[in-house]
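Report on the following structure.
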Amino acid sequence: MQKSTAKIQTRSKARAEAPATAFVPNRTIVLVGLMGAGKTNIGRRLAARLNLPFFDSDCEIEAAAGETVEEIFRNRGEVVFRDGERRVITRLLAQPAHVLATGGGAFMDPATRAEIARRGVSVWLRADIDTLLTRVARRSNRPLLKQGNPRAVLTELIERRYPIYAEADITVDSGDGAADLTASRTIAALAACPRALLPPEPDGQP
34 MQKSTAKIQT RSKARAEAPA TAFVPNRTIV LVGLMGAGKT NIGRRLAARL NLPFFDSDCE
94 IEAAAGETVE EIFRNRGEVV FRDGERRVIT RLLAQPAHVL ATGGGAFMDP ATRAEIARRG
154 VSVWLRADID TLLTRVARRS NRPLLKQGNP RAVLTELIER RYPIYAEADI TVDSGDGAAD
214 LTASRTIAAL AACPRALLPP EPDGQP
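Just so we're aligned, residue 34 is where the sequence shown starts under this note's numbering, counting upward by one.
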């Protein structure tokens, strides 16, 4: 499998930032939520603390396609991007347990959501709109935000996506507090979640 350089670098960097924990999940920890929720930032810390590999689905999509997410959206359209995203996440979920940060729209796809439920434990990193706006303003590579006023776009996404995100196994608030604190709360919630300790369902099982 082609591994992104970003994954290798962030994994080693994250391991130097925080001590490990005794909790070891049997399933891949899948972080879901809107852009700016902190999925990559928190994911790196979780991977370090749990001594697990870290993957970012957007990075893996870019490595496979040879294009950035923004270029895929612009050149091929969102439908093509979502199809590639589904296939990449399915491939990653077939690997041994790790921490996986997904794109904001990934959990909206029913097939992807079902595969995550079958093989992973989902964690929604929930943040309010002001926190999201502050964070996304730091980056310019957000294709969906180029479709209009960022607050209006995020408001529409919140209304449409939050009810689906709420189906995740765990919800953790990801506000303006320290990322390490959010990671600690996430680990505590995972340790109390029975699904995190279940083995992934084998292929062919509904």
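Positions of the beta carbon are idealized from the N, C-alpha and C atoms, including for glycine.
Since the structure is predicted, the reported quantities are computational estimates derived from the model, not experimental observations.
By DSSP's assignment, residue 159 forms a beta bridge with 206. If you draw a straight line from the Cα of residue 165 to the Cα of residue 183, it comes to about 10 Å.
Taking 8 Å as the cut-off, the Cβ atoms of residue 90 and residue 135 count as close. Relative to residue 235, the option among 79, 211 and 153 whose CA is nearest is 153. For residue 144, the secondary structure class from DSSP, reduced to helix, strand or coil, is helix. Around the beta carbon of residue 202, 16 or more other beta carbons lie within 10 angstroms, which makes this residue buried. In the three-state reduction of the DSSP assignment, residue 56 falls in the coil class, being assigned neither a helical nor a strand state. About 6 Å separates the beta carbon of residue 144 from that of residue 119, a gap short enough to meet the 8 Å contact definition.
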